Amino acid sequence: MQRSNLGLLLLSVVSVIQVSVGDVDEVVQVSGGLVRGSLRRSDGGKDYMAYQAIPYAFPPVNASRFMPPRPGVTWEGVLDGSVAGPPCAQAALGIKAGQEDCLHVYVYTTKVKNAKDTDPDTDPDPLLPVLVWLHGGSFVLGGAAALDQTYIMDRDLVLVVPQYRLGILGYLQTIQGISPGNMGQLDQVLALQWVRENIHVFGGDHNQVTLAGDCAGGASAVYHMLSPLSHGLFHRVLSLSGSPLNPWALYTNNHRFLLIFANYIRCPAYDPAVLIKCLREIDVDELLDAVQLVIEARDLLVGNHRLSPSVQEPAHSHLSTLYLDQHPLHFMNQGDVARVPVLMSLTRDVGGYLVDMVLYEFIEAMMEDQPDFLETLIPMLLKESFVPNPNDHVKEFVDFYFPGVDMKDLTAMLPGLVKMLGDLQYRSGIFTAASLLSQHVPTYFLRFEYEGGPKLFDIRHPNASAAPPLPSPSTLVGHGDEMNLILPDQHFTTFTQEQKLVRKHLLDIVENYVHGRAPREDWPLFTSYSAAPQHPPPPTPPQALVLGPGGSFRSEQFATPEEMDMLTKIHTYQHHKVIYQMEQKKMEMEHDEL
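Mapped onto mature numbering (1 follows the signal peptide of the UniProt record, and there is no 0), the consecutive letters of the sequence shown carry residue numbers -22 to -1, 1 to 572.
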């Protein structure tokens, strides 16, 4: 798309004018064209500019569906960045929304530069650090416009929120590389390249980029530490409640889903090229409807049916699209990671939402038809969480998570279910990633245990009497609760003084970290942990900073030795195949050296 002569004239005028953030219709030049922003005000009364839905790639439609993103998109005239665009097409957990034409970045800044031709490395005017936030949603849901930046824009930083393809459109992989997979991750890489090229226009420093995210975004931030395609594009990582080692964050059997889905939607599966051609010809709404039905029928927990990043086949992938050619454990064990600091975080009761959103109603419905259903529940959940031979491990998990509990009483089982599912789906993978990364890069860990809210549980269940009887919902610290104080997906109009204090603590941590300072002066570094005896043993067990009652901080051991041993066992069960492969490879290398 070529700009008109008028557009070029406008560009030449705008590129040499610096306009203060107080001027409402601020126009800037980025690589694709001109963008007009809109003036907003932060929670603390600070003026900032919002530039929404800026394209960073051509729309991935028609022949570009299921393909890597294409850079170089341009437009004529002035793009209206005061208007939010649609999220990426998505369907899961009863939600259906978005469009395929969605590869946009959202930029929020208090410091517009406008001088595109100024060298960002020699500009005497101080630039602000950049926070690139990858939204969560289990790789199947979410979008940039939903995040409320009102609170974080009180701080001295430039915020960038890119959108990336989700679900089947973002993570379908075929054999022979017809669809290479990891399109959503490649979208993120291209967005980071866009930031490097353009962020100076918004007063941001491309040499101070913190890559952050929550849930799937948190897992993605760590993924980019592993992929050579991303190296050099960021300088710190902040990961909330997500790790590539979580079972929902890595799909190891993408082809099986493809066969199931092809059969359901009646596309031939005998030839990958024919299959992809068929899927490209299906209307996106029909595609989303089919995906949602397949997921609902086959995914009991997280709700993405492992439509997530996957290991690609090097023989069938071009180097420019080969995002992940080995299991994440290979990279972490070998230390083949970006040498940047990482800060990881987890809420105390992260497994609660898995029970109250999906599992509780499912169990109740099953018990109506099968009174003895609870006897099969634990092996079912272990199987869903990638624990092999689940029946062999039932006693071990019941003894650890349900000591003295009547396993025929669902209400009595709920506390153990919250803890067990949190460990299986989140805590084990996050803990293991932190342990492995800490051997190579400075690693910090935050346990968020503040019980005062605001809580996503209360939002999901406004009628408390109709909510699932989770243990002490008033003290539950659920998945995503810390996001309500950083980048909530809705605007909260009232906060208690204590909530404001906790919000200040969290935003202080974020601001310090993106500026390259220690998150807090009293924050201990996380150290590696192994359930096996070590010689010599680590000088200190893994330490975490805990943000707890009343907004107070304390430093303590990540978990008890018994809990850390169980987390390590879960990791060993879930990744037994790749662990065996790595051990075999190590033995072969040692044998070759003899």
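Virtual Cβ for every residue (Gly too), placed ideally from N, Cα, C. Bear in mind the structure is a predicted one, so any value in this text is a computation, not a measurement.
List the residues that DSSP assigns as beta-bridge partners of residue i.
i: methionine 322; result: Ser217, Phe423
i: threonine 188; result: Leu109, Arg214
i: proline 140; result: Val83
i: leucine 359; result: Leucine 359 pairs with nothing; no bridge assigned.
i: phenylalanine 531; result: Leu525
i: glutamine 7; result: Leu12
i: isoleucine 73; result: Ala70
i: isoleucine 32; result: Val83
i: valine 56; result: Leu12
i: methionine 27; result: Leu17, Thr87
Note down, in chain order, each residue of its chain lying with its Cβ closer than 6 Å to the Cβ of residue i, except the 5 sequence neighbours on either side.
i: proline 451; result: Phe435
i: tryptophan 501; result: Tyr422, Leu523
i: leucine 395; result: Val333
i: histidine 493; result: Pro107
i: serine 9; result: Glu175, Asn176
i: histidine 209; result: Ala316
i: leucine 135; result: Leu106, Pro107, Leu109, Val492
Could you check whether the Cβ of residue i sits closer than 6 Å to any heavy atom belonging to the ligand SAM?
i: alanine 275; result: In terms of ligand content, the structure shown is empty, and the ligand SAM therefore cannot be addressed.
Please determine, among the options, the residue with the shortest C-alpha to C-alpha distance to residue i.
i: residue 606; options: Ala227, Gly196, Pro466, Leu211; result: Absent from the structure is residue 606, since the part of the chain shown begins at -22 and ends at 572.
i: glutamine 417; options: Lys433, Leu454, Ile153, Ala316; result: Ala316
i: histidine 82; options: Ala69, Ala62, Lys361; result: Ala62
i: proline 440; options: Tyr301, Asp334, Asp500, Ile464; result: Asp334
i: proline 449; options: Ala390, Leu236, Glu566; result: Ala390
i: arginine 214; options: Pro420, Tyr29, Asp21; result: Pro420
i: phenylalanine 351; options: Tyr551, Asp387, Tyr379; result: Asp387
i: tyrosine 86; options: Ser60, Pro65, Leu71; result: Ser60
i: leucine 17; options: Ile153, Gly11, Gly10, Val5; result: Val5
i: phenylalanine 473; options: Gln403, Leu137, Pro432, Tyr301; result: Pro432
i: aspartate 267; options: Tyr34, Lys74, Gly182; result: Lys74
i: asparagine 232; options: Gly329, Ser205, Ile254, His283; result: His283
i: glycine 191; options: Leu137, Asn160, Ile153, Ile146; result: Leu137
i: arginine 143; options: Leu204, Pro38, His202, Leu211; result: Pro38
i: methionine 161; options: Trp172, Tyr149, Ile153; result: Tyr149
i: lysine 564; options: Ser323, His308, Met131, Met358; result: His308
i: glycine 145; options: Leu485, Lys91, Phe117, Ala124; result: Phe117
i: glutamine 403; options: Asp58, Met461, Ile548; result: Ile548
i: arginine 43; options: Ile464, Gly181, Val455, Leu147; result: Leu147
In angstroms with no decimal places, state the Cα-to-Cα distance between residue i and residue j.
i: histidine 371; j: valine 272; result: 29 Å
i: arginine 405; j: proline 520; result: 14 Å
i: glutamine 151; j: leucine 164; result: 13 Å
i: tyrosine 428; j: aspartate 467; result: 19 Å
i: glutamate 561; j: isoleucine 32; result: 47 Å
i: serine 413; j: threonine 505; result: 6 Å
i: tyrosine 84; j: arginine 174; result: 15 Å
i: glutamate 353; j: methionine 385; result: 7 Å
i: leucine 168; j: proline 49; result: 7 Å
i: glutamine 127; j: glycine 15; result: 15 Å
i: proline 140; j: alanine 122; result: 6 Å
i: methionine 27; j: leucine 105; result: 16 Å
i: glycine 400; j: leucine 360; result: 12 Å
i: proline 393; j: aspartate 459; result: 18 Å
i: tyrosine 558; j: proline 64; result: 44 Å
i: alanine 194; j: glutamine 171; result: 20 Å
i: glycine 159; j: tyrosine 301; result: 9 Å
i: threonine 188; j: arginine 234; result: 36 Å
i: proline 539; j: glutamine 312; result: 25 Å
i: leucine 485; j: cysteine 80; result: 29 Å
i: arginine 244; j: phenylalanine 426; result: 46 Å
State yes or no: is the beta carbon of residue i nearer than 7 Å to at least one beta carbon in chain B?
i: methionine 461; result: Within the model displayed, chain B is absent; a lone protein chain is all it includes.
Return the chain-ordered list of same chain residues with a C-beta closer than 7 Å to the C-beta of residue i, the five sequence neighbours on each side being excluded.
i: proline 497; result: Leu321, Tyr422, Ile487, Asn490, Tyr491
i: valine 262; result: Ala67, Glu78
i: serine 221; result: Ala197, Val200, Ala227, Gly407, Ile408, Ala411
i: glycine 529; result: Tyr428, Glu476, Leu479, Val480, His483
i: glutamine 304; result: Val289
i: phenylalanine 364; result: Pro225, Gln552
i: histidine 554; result: Pro366
i: glutamate 259; result: none
i: glutamate 291; result: Gly155
Give every residue of the same chain whose Cβ lies closer than 8 Å to the Cβ of residue i, excluding the five residues on either side of it in the sequence, and list them in chain order.
i: isoleucine 437; result: Gln468
i: phenylalanine 531; result: His483, Arg498, Asp500, Leu523, Val524, Leu525
i: asparagine 40; result: Arg258
>> My parser needs the beta strand (DSSP E) runs of 3 or more residues fully inside the stretch 405 to 448; what are they?
In response: 421 to 426
>> For a minimum of 4 consecutive residues, which ranges assigned as the alpha helix (DSSP H) are wholly contained in the stretch 437 to 506?
In response: 475 to 492
> What are the complete beta strand (DSSP E) segments, minimum 3 residues, inside the stretch 264 to 338?
Replying inline: 320 to 325
>> In chain order, what are the residue ranges of uninterrupted beta strand (DSSP E) at least 3 long that sit wholly in the stretch 152 to 207?
In response: 182 to 192
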